[in-house]
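Working notes, beginning with the structure itself.
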Amino acid sequence: MPEGPGAGQPGLCWIDNHCHLELGASADDQIAAAAAAGVVRLIDVGTDLAHSRRAIDRAGHRPGTVFATVGVHPHEASQGHDGLEALLAEPGVVAVGECGLDYHYDHSPRHVQRRVFAAQIALAHRHRLPLVIHTREAWDDTFAVLDSEGIPARTVFHCFTGGPAEAEGALGRGAVLSFSGIVTFRNADALRQAVALTPPEQMMVETDSPYLAPEPVRGRPNTPANLPLVGARLAEVLGLPVAELAERLWDTTHSFYDLPPLSAAADHPT
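Counting from 311, one number per residue, gives the positions in the sequence shown under our numbering.
Here it is as structure tokens:
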């Protein structure tokens, strides 16, 4: 259960715009715990073809509550992206990604990462879908590929970990920044400076679960139920009431992913 100021406030609705349900505990258990904490919608993010297919299946079992993305993570870029485009027409798919560049681990060669990233940017353009970007220690090349291919109208830098300069580069290109539990870490001052200059209209919130559990639950497996902890810290940095920020992030996220209104009983998991 979330702990801390602003966490799990009654009446607030949140959407976790980036999580990996497959990698945590039972997806049904995670969804139920999230709903109890006010996190009533989830974007289940694909990282390769097989994972993307399973995310689509989970979205199909929870229509209106879980939505899927389809993508090839830079770690998996060596697998290529053949077959990815066919998945984009499946019900519940709302974005391309996560894709991008990761020069910290270099699990795939860098030139392959850039090629597969560019191919997925092209898919986002062709299908008029949002693009979900993962970038780590690769800011210059990430911006270079985006500038070369043309940044899609709806682009998010998920789990944003840059400072003010990187934030300005992304925001200036019209992108949205999504902040994770890292924003609660004591040593994340540069990240909080980036938060402070990000308008809520270009901001979203995520858990990236099962990774990056926020304070005060850091060190445990993360779940979407912890999202209000991240939202509360963002509100504190921005000097906004939690309820106001929750509403603004809700609107931004729904507009970004073009999600249907929250109206049916099926949209409220139990």
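C-beta atoms are modelled at their ideal positions from N, C-alpha and C, and glycine is treated no differently.
Report task. Determine the DSSP secondary structure at Thr562, reduced to helix, strand or coil. Result -> Here the question's residue 562 lines up with position 252 in the sequence shown. Correct three-state label for Thr562: helix.
Query raised in the report: For Thr465, which beta-bridge partners are listed by DSSP?
Result: Walking along the sequence shown from the start, residue 465 turns up at place 155. BP columns for Thr465 point to Leu441.
Report task. Determine the direct distance from the alpha carbon of Pro474 to that of His371, and round the result to whole angstroms. Result -> Position 61 of the sequence shown, counted from the first residue, corresponds to residue 371. Position 164 of the sequence shown, counted from the first residue, corresponds to residue 474. Distance between the alpha carbons of His371 and Pro474: 40 Å.
Requested in this report: Taking Ala396 and Val422 to be in contact with their CB atoms under 8 Å, please state how far apart those CB atoms are, rounded to whole angstroms.
Outcome: Residue 396 sits at position 86 when you count from the first residue of the sequence shown. Residue 422 sits at position 112 when you count from the first residue of the sequence shown. With a contact defined as Cβ atoms closer than 8 Å, Ala396 and Val422 miss out at about 21 Å.
Query raised in the report: So Cys409 and Gly381 are in contact, right, with Cβ under 8 Å, and what is the actual spacing, rounded?
Result: Numbered from 1 along the sequence shown, position 99 holds the residue referred to as residue 409. Numbered from 1 along the sequence shown, position 71 holds the residue referred to as residue 381. Between Gly381 and Cys409 the Cβ distance is about 5 Å, and since that is below 8 Å, they are a contact.
Query raised in the report: From the DSSP output, which residues share a beta bridge with Trp324?
Result: Within the sequence shown, the letter at position 14 stands for residue 324. DSSP, once it has assigned bridges, lists Val349 as partnering Trp324.
Query raised in the report: Excluding five sequence neighbours on each side, which residues of the same chain lie with their C-beta closer than 6 Å to the C-beta of Cys469?
Result: Here residue 469 is taken as the residue at index 159 of the sequence shown, counted from 1. So the list reads Ser490, Asp518, once near-sequence residues are dropped.
Report task. Would you tell me roughly how many angstroms separate the C-alpha atoms of Pro373 and Asn536, rounded to the nearest one? Result -> Walking along the sequence shown from the start, residue 373 turns up at place 63. Walking along the sequence shown from the start, residue 536 turns up at place 226. The straight-line gap from Cα to Cα measures roughly 22 Å.
Query - Expected contact under 8 Å - CB spacing of Val547 and Val505 to nearest Å - result: Reading the sequence shown from its first residue, position 237 is the one you call residue 547. Reading the sequence shown from its first residue, position 195 is the one you call residue 505. Val547 to Val505, Cβ: 5 Å. Contact.
Query raised in the report: Any idea what DSSP makes of Val455, helix, strand or coil?
Result: As a position in the sequence shown, residue 455 is number 145, starting the count at 1. In the structure shown, Val455 sits in a helix (DSSP, three-state: H, G or I).
Query raised in the report: Can you give the Cα-Cα distance for Glu400 and Asp339, rounded to whole angstroms?
Result: Sequence index remark: in the sequence shown, residue 400 carries index 90 (1-based). Sequence index remark: in the sequence shown, residue 339 carries index 29 (1-based). Those two C-alpha atoms are separated by around 25 Å.
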